[in-house]
Amino acid sequence: MTYSTHDVDETALPLPIVQAARTTAQEFASQQPTPAKAAQVRLNTLAVWVVNDYLQLMGIATNLTAGDSWNPLIRLCADVADLDVTDVGRLECRPVQSQTQPCSIPPDVWQDRIGYVVVYVDESLQEAKILGSTEMPSAAIALHHLRSPEDLIDHLAAQRTTVAQIDRPTIRLSDWIQGIVDAGWQTVDALLNPAQPEFAFRGLDTTAQSSSSAGTQRAKLLHFGRQSDDSLPEAQREVTIALLLDISPVADRNQPDERIIRLQVHPINQPYLPPNLQLTVLDATGIVFLDAQSRDADNYIQLEFSGEPEELFTVQVTFEGDRVTETFVI
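Start counting the sequence shown at 44; every next residue gets the next number (our numbering).
Have a look at this one:
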């Protein structure tokens with residue numbers, strides 16, 4: 044792993060320690076058998092609380108009381124300072140009282156952690172600084188090797204995407220080329236009304252079969268519940284659209300494995316898409332790299348990109364707060 048060194052004080056994020064945090068830390072400390080253990084628990088609790096406050100400010104859901112650091116028995120037996128990040132995992136929040144000495148990570152917490160955040164707690168217990176984070180534990184971490192607090196947010200977003208992708212079925216486009224079709228996906232001809240040729244892929248040979256040298260094409264119906272509007276007929280309160288995907292080889296012979304992915308969204312049973320319907324493509328880390336939004340009188344929207352075998356991407360179609368997500372691997 045390659046580290047970048049920097050002045051940790053330039054990137055440190057100062058935060059106040061609220062009274063509720065000090066009260067809770069003192070309560071936990073008073074339950075310990077020795078002054079040394081009490082001091083350890085006090086600082087651990089404050090570090091967890093400060094990181095929790097930071098993540099909450101950044102809009103990241105946490106469960107402050109779900110970790111081992113809030114368990115009286117585990118607090119007594121181990122040196123733990125973990126914070127549960129909802130749908131992601133546990134962060135270890137390690138306190139330090141020096142901004143020049145390495146941060147020690149006890150072996151107790153070298154497992155089952157998605158990262159380690161170092162928090163400076165001043166002697167007055169009134170203020171703290173989030174110095175940075177790392178993903179790899181060691182007995183002593185040099186502070187100038189830490190990633191910035193802002194990088195922690197990106198790391199958690201990537202972790203959340205990874206967890207979501209593990210939980211969500213992934214569609215292998217190579218199976219489509221072999222004629223193996225996932226549930227809900229059909230050939231374009233089978234799904235869309237042949238009497239309405241405007242639903243065919245723009246720019247593609249509309250007479251091509253669903254698997255051909257021109258590419259492999261599949262389509263799926265998506266349903267969105269429109270926000271309640273009593274002035275609309277019942278049939279118009281649900282929006283149905285078709286998501287179309289075509290995977291085809293690139294024309295460049297020097298890149299035989301690269302594939303072109305073309306996505307389109309089309310209206311069903313109406314001439315135009317509703318405005319503000321959004322088509323988004325995210326990469327394997329959850330970062331948006333392509334986006335399109337329908338306007339008034341759009342009869343389709345389209346995105347196109349290229350990729351290599353085994354590359355993973357996610358497609359999201361969003362309308363009025365409802366979202367449908369599909370994850371693919373080329």
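Where is the CB? At the ideal position from N, CA and C, for every residue including glycine.
All values derive from a computational prediction rather than experimental measurement.
For a test of the three-state rule: what should DSSP assign to residue i, helix, strand or coil?
i, result
"residue 259", "strand"
"residue 176", "strand"
"residue 168", "coil"
"residue 344", "strand"
"residue 303", "strand"
"residue 223", "coil"
"residue 314", "coil"
"residue 326", "coil"
"residue 352", "coil"
"residue 359", "strand"
"residue 78", "helix"
"residue 200", "helix"
"residue 185", "coil"
"residue 56", "strand"
"residue 248", "Bear in mind that a pLDDT of 39 at residue 248, under 50, signals an unreliable position, so the model cannot answer this."
"residue 87", "helix"
"residue 234", "helix"
"residue 51", "helix"
"residue 195", "helix"
Please go through the same chain and pick out, in chain order, the residues whose beta-carbon is closer than 6 Å to the beta-carbon of residue i, but skip the five residues on each side of it.
i, result
"residue 93", "58, 162 and 171"
"residue 343", "307 and 309"
"residue 56", "173 and 192"
"residue 202", "131 and 157"
"residue 325", "331 and 357"
"residue 68", "85, 88 and 89"
"residue 81", "72 and 75"
"residue 320", "337 and 362"
"residue 345", "307"
"residue 107", "95"
"residue 373", "216, 302, 350, 352 and 354"
"residue 196", "101"
"residue 63", "none"
"residue 190", "175 and 176"
"residue 13", "Because the chain in this structure spans residues 44 to 373, residue 13 falls outside the shown range and cannot be described."
Whose C-beta lies closer than 8 Å to the C-beta of residue i among residues of the same chain, with five residues either side of it excluded?
i, result
"residue 122", "83, 87, 149, 151 and 152"
"residue 109", "127"
"residue 166", "140"
"residue 97", "56, 58, 173 and 192"
"residue 237", "Low confidence applies here, because residue 237 scores a pLDDT of 49, under 50, leaving its location unreliable; read the following figure in that light. Once the five neighbours on either side are set aside, residue 237 has no close Cβ partner at all."
"residue 145", "183, 184, 185 and 186"
So residue i and residue j are supposed to be a Cβ contact under 8 Å. How far apart are they, rounded?
i, j, result
"residue 125", "residue 133", "5 Å"
"residue 164", "residue 89", "5 Å"
"residue 367", "residue 216", "Their Cβ separation, rounded to whole angstroms, is 18 Å, which puts residue 367 and residue 216 out of contact at 8 Å."
"residue 311", "residue 347", "In fact, because the Cβ distance is near 22 Å, the residues do not count as touching under 8 Å."
"residue 323", "residue 334", "5 Å"
"residue 314", "residue 362", "Not confirmed; about 17 Å, so no contact."
"residue 175", "residue 54", "7 Å"
"residue 229", "residue 262", "6 Å"
"residue 370", "residue 213", "5 Å"
"residue 351", "residue 300", "6 Å"
"residue 169", "residue 52", "So it is not a contact: roughly 18 Å between Cβ atoms."
"residue 103", "residue 234", "The pair is not a contact, with the Cβ atoms about 39 Å apart (cut-off 8 Å)."
"residue 360", "residue 286", "6 Å"
"residue 120", "residue 91", "17 Å between Cβ atoms; not a contact."
Please name the residue or residues paired with residue i in a DSSP beta bridge.
i, result
"residue 337", "DSSP lists no partner for residue 337."
"residue 62", "None, per the DSSP bridge assignment."
"residue 295", "According to DSSP, residue 295 bridges with nothing at all."
"residue 268", "281"
"residue 371", "214 and 356"
"residue 286", "263 and 308"
"residue 190", "176"
"residue 366", "361"
"residue 69", "Residue 69 is not bridged to any residue."
"residue 160", "136 and 176"
"residue 392", "Residue 392 cannot be examined here, being either before or after the span of the chain that is shown, 44 to 373."
"residue 229", "262"
Any C-beta of chain B sitting closer than 8 Å to the C-beta of residue i?
i, result
"residue 147", "Protein chains in the displayed structure number just one, and chain B is not present."
Give me, in chain order, the residues of the same chain whose beta-carbon lies closer than 7 Å to that of residue i; leave out the 5 immediate sequence neighbours on both sides.
i, result
"residue 99", "105"
"residue 42", "Outside the displayed range of the chain (44 to 373) lies residue 42, so it cannot be described from this structure."
"residue 282", "267, 269, 317 and 362"
"residue 147", "182 and 183"
"residue 61", "none"
May I ask you to check if the CB of residue i is nearer than 7 Å to at least one heavy atom of the ligand FMN?
i, result
"residue 165", "Absence of the ligand FMN is noted for the structure shown, with no ligands found whatsoever."
What beta strand (DSSP E) runs, 3 residues minimum, are completely inside the stretch 94-158?
-> 125-128 and 132-139
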